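Here's the structure, in structure tokens; my notes come after.
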Amino acid sequence: MVIFGIEASCDETAVAIIDDSGHILSEAIFSQDHNMFGGVYPEYAARNHVLSLRPMIGKVLQDAKVSWKDINLIAFTGGPGLIGGLIVATMLAKSLSLITGIPMVPVNHLEGHALMVTMFLDITMPFLLLLISGGHCQILVVEDVGKYMQIGTTIDDSIGECFDKVAREMQLSYPGGPEIEQYALRGNRKAFSFPKPLLTKSKYDFSFSGLKTSVINTIHSCQSNDSQYKEDISASFEYTIVQILLDRIQNSIQKSQELYGDRDLNTLVVSGGVAANQYIRQSLTDQLDIKCVYPPIKYCTDNAVMIAWAGYQNYIRNNCTCDLFFTPRSRWPL
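In this note's numbering, the protein residues as written are 238 to 571.
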């Protein structure tokens with residue numbers, strides 16, 4: 238079986254062709270430049286999706302040496318995300334399905350991240366999932382494809398949003414996460430003591446708004462362009478993020494053991510764009526008493542391979558096809 242995937246939920250435009258064994262036949266991705274706006278500008282993103290997708294489709298078909306007659310399934314991001322990009326992906330999938338007669342499957346973008354690692358590793362379900370990205374921060378139990386139980390979530394900002402806003406205040410480019418990671422490598426992680434919101438009030442949920450505000454206030458109070466200062470801020474910020482994650486994950490491991498008893502949850506999957514951060518990956522691996530696994534760094538951020546794979550998994554297990562009346566959803570919780 239050959240699956241064609243489409244991703245356009247935010248500022249990455251991507252298409253991919255995979256087979257049912259998880260082999261990537263071809264893929265293309267266009268990362269839009271929103272640095273001039275200091276963040277993602279939704280209308281600009283949607284227009285760029287429209288302009289980019291047509292040539293990308295031809296390229297992946299050519300690279301994979303297939304035609305539409307060889308494609309068996311079209312998987313596309315149906316939500317959550319920026320509604321403009323979701324409409325572009327949905328209308329493209331509908332048009333292709335109508336012309337070719339190929340069935341289509343709407344994919345929850347979060348489920349794409351959740352299942353991405355299962356394309357590369359043989360992981361037994363249920364497993365614990367930490368989903369950390371630009372728009373989300375959740376801990377869930379993945380019981381099966383299409384079946385998820387949320388243990389904890391952020392009550393305000395996501396980690397990715399926190400990274401980006403701190404980076405902007407330090408006059409770093411967008412997206413801010415990779416730049417902060419590089420600065421932090423040379424910094425002192427104990428130089429600043431930042432708050433860890435919600436740790437004494439909730440065992441499973443996250444709050445990053447207070448941390449973000451504290452870091453930004455520290456930046457404003459010093460008003461320094463000194464490189465060492467930025468390195469120390471970045472390192473201390475990353476360290477605090479990791480301490481929050483460790484506390485929430487450890488509590489969630491205990492909770493999942495209470496809920497699932499003899500169904501041993503012995504694996505933590507960490508996915509989403511922030512899972513590309515090497516310090517976070519290494520810290521969780523070293524300090525948690527549970528096996529931690531991650532998608533390849535390339536596939537932590539938004540891509541069409543994960544959409545194609547999640548679409549295929551839903552198709553074979555749940556027959557989750559849709560018709561031409563499907564409406565994209567800017568909000569679509571797992």
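Beta carbons: idealized from backbone N, C-alpha and C, even for Gly. What you are looking at is a predicted structure, and each value in this text was computed from that prediction instead of being measured.
### Task
Tell me Ile527's beta-bridge partners as DSSP assigns them.
Looking at the DSSP assignment, Ile527 forms no beta bridge with any residue, so it has no partner.
### Message
Rounded to whole angstroms, what is the Cα-Cα separation between Ile388 and Asp463?
### Response
41 Å
### Task
Return the first residue and the last residue of the beta strand (DSSP E) that Ile369 is part of.
364-369
### Task
Report back the beta-carbon spacing between Ile240 and Val252 to the nearest angstrom; my notes put them in contact at under 8 Å.
At roughly 11 Å, the Cβ-Cβ gap does not stay under 8 Å, so Ile240 and Val252 are not in contact.
### Message
Does the structure place the stretch 421-432 close enough to the stretch 459-476 that three or more beta carbon pairs sit under 8 Å?
### Response
yes
### Query
For Ile339, which residues of its own chain have a beta-carbon under 6 Å away from its beta-carbon, when the five flanking residues on both sides are left out?
Ile308, Ile311
### Task
For the alpha helix (DSSP H) containing Phe582, list its first residue and its last residue.
This structure cannot speak to residue 582, because the chain is shown only from 238 to 571.
### Task
Determine, using beta carbons only, whether Thr214 and Lys535 come nearer to each other than 8 Å.
Any question about residue 214 goes unanswered here, given that the chain covers just 238 to 571.
### Task
At 4 residues or longer, and completely inside the stretch 385-431: list those alpha helix (DSSP H) runs for me, N to C.
396-406, 413-421
### Query
Residues in its own chain within less than 6 Å of His373 by CB, not counting five upstream and five downstream?
Ser395
### Task
Using the Cα positions of Thr314 and Glu475, report the straight-line distance between them to the nearest angstrom.
31 Å
#### Entry: Cβ pair Ile578, Asn540 closer than 8 Å
The question about residue 578 has no answer, for the chain in this structure spans 238 to 571.
### Query
Apart from the five residues on each side of it in sequence, which residues of its chain come closer than 8 Å, Cβ to Cβ, to Arg518?
Val507, Ala512, Cys529, Tyr531
### For Gln375, the residue or residues it bridges with in DSSP
Leu368, Thr390
### Message
In this structure, how does DSSP classify Phe267 when only helix, strand and coil are distinguished?
### Response
strand
### Message
For Thr522, tell me which candidate among Leu483, Val382, Asn555, Ile544 has the shortest Cα-Cα distance.
### Response
Leu483
### Query
At which residues does the beta strand (DSSP E) containing Asp256 begin and terminate?
249-256
### Task
Measure the C-alpha to C-alpha separation of Gly548 and Ser473 and round it to an integer number of angstroms.
39 Å
### Query
Of the residues Lys433, Thr437, Ile481, which one's Cα is nearest the Cα of Thr450?
Lys433
### Task
Reducing DSSP to helix, strand and coil, say where Pro565 ends up.
coil
### Message
Residues in the same chain with beta-carbon distance under 6 Å from Thr337, minus the five sequence neighbours each way, listed in chain order, please.
### Response
Trp305
### Task
Reducing DSSP to helix, strand and coil, say where Ile311 ends up.
strand
### Message
Between which two residues does the beta strand (DSSP E) holding Pro343 run?
### Response
341-345
### Message
How far does the beta strand (DSSP E) with Val507 in it extend, from its first residue to its last?
### Response
504-508
### Task
Report buried or exposed for Glu280, applying the criterion of at least 16 other Cβ atoms within 10 angstroms of its Cβ.
exposed
#### Entry: Neighbour-count burial assignment, Leu435, 16 or more Cβ in a 10 Å radius
buried
### Message
What would DSSP say about Asp484, mapped onto helix, strand or coil?
### Response
helix
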